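The numbering of the sequence shown is my numbering, which starts it at 768 and goes up by one. Ideal placement from N, C-alpha and C gives every residue a C-beta, glycine not left out. Remember, it's a predicted structure, so these values are computed and weren't measured experimentally.
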Amino acid sequence: MSNENPNTEGIIKHAKLKTEKTIQKVEEAIKRMIKKQLKINFNSVSAESGVSKAFLYRNTELRDRIETLRKQQEGLPSIKQVKRNMSDTSKDVIIASLRKRVKHLEKENKEIKEQLKIQFGKIYEGI
768 MSNENPNTEG IIKHAKLKTE KTIQKVEEAI KRMIKKQLKI NFNSVSAESG VSKAFLYRNT
828 ELRDRIETLR KQQEGLPSIK QVKRNMSDTS KDVIIASLRK RVKHLEKENK EIKEQLKIQF
888 GKIYEGI
């Protein structure tokens, strides 16, 4: 007693609505990632939006957009690279200041040893 012409309009309409909402979630996630200057690829967009990678690959518009953004970011240095460069320069500055401090302390130590020799000489002469 099955219906030869089942009414599937409601199911199809619901599926399209669900797809549109999912696309909207992905678009919002991409905008957030661009503002935060995060690396954009399928894994990161999937994690940020809560959408499966399979959906991102299946939807050609989203796929093209993610691939385009990923290519645009290839030339830009990542945040990790910038931080590493900053930390390298700051390390160089710290090393230079520590070397200067060591030289100063060595000079001070040498002067104190000379004063100590003089004082010991005076004590020895007094005996």
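Identity of the residue in the options nearest residue i by Cα
| i | options | result |
| --- | --- | --- |
| Arg837 | Ser819, Ser854, Val812 | Val812 |
| Val793 | Glu815, Ile779, Thr775, Lys802 | Glu815 |
| Asp831 | Gln882, Ile862, Ala863, Ile797 | Ile797 |
| Gln791 | Asp859, Leu829, Met853, Asn772 | Leu829 |
| Thr786 | Lys803, Met800, Thr827 | Thr827 |
Terminal residues of the alpha helix (DSSP H) in which residue i lies
| i | result |
| --- | --- |
| Lys838 | 827 to 841 |
| Ser816 | 809 to 816 |
| Ile779 | 776 to 803 |
Heavy atom of the ligand ATP within 7 angstroms of residue i beta-carbon
| i | result |
| --- | --- |
| Phe887 | Although the ligand ATP was asked about, the structure shown includes no ligands whatsoever. |
Inter-residue CB distance, residue i and residue j (contact presumed, cutoff 8 angstroms)
| i | j | result |
| --- | --- | --- |
| Thr897 | Val818 | Past the boundaries of the shown model lies residue 897; the chain is included only from 768 to 894, so the question cannot be answered. |
Touching or not, the stretch 792 to 812 and the stretch 823 to 834, by the rule of three or more beta carbon pairs under 8 angstroms?
-> yes
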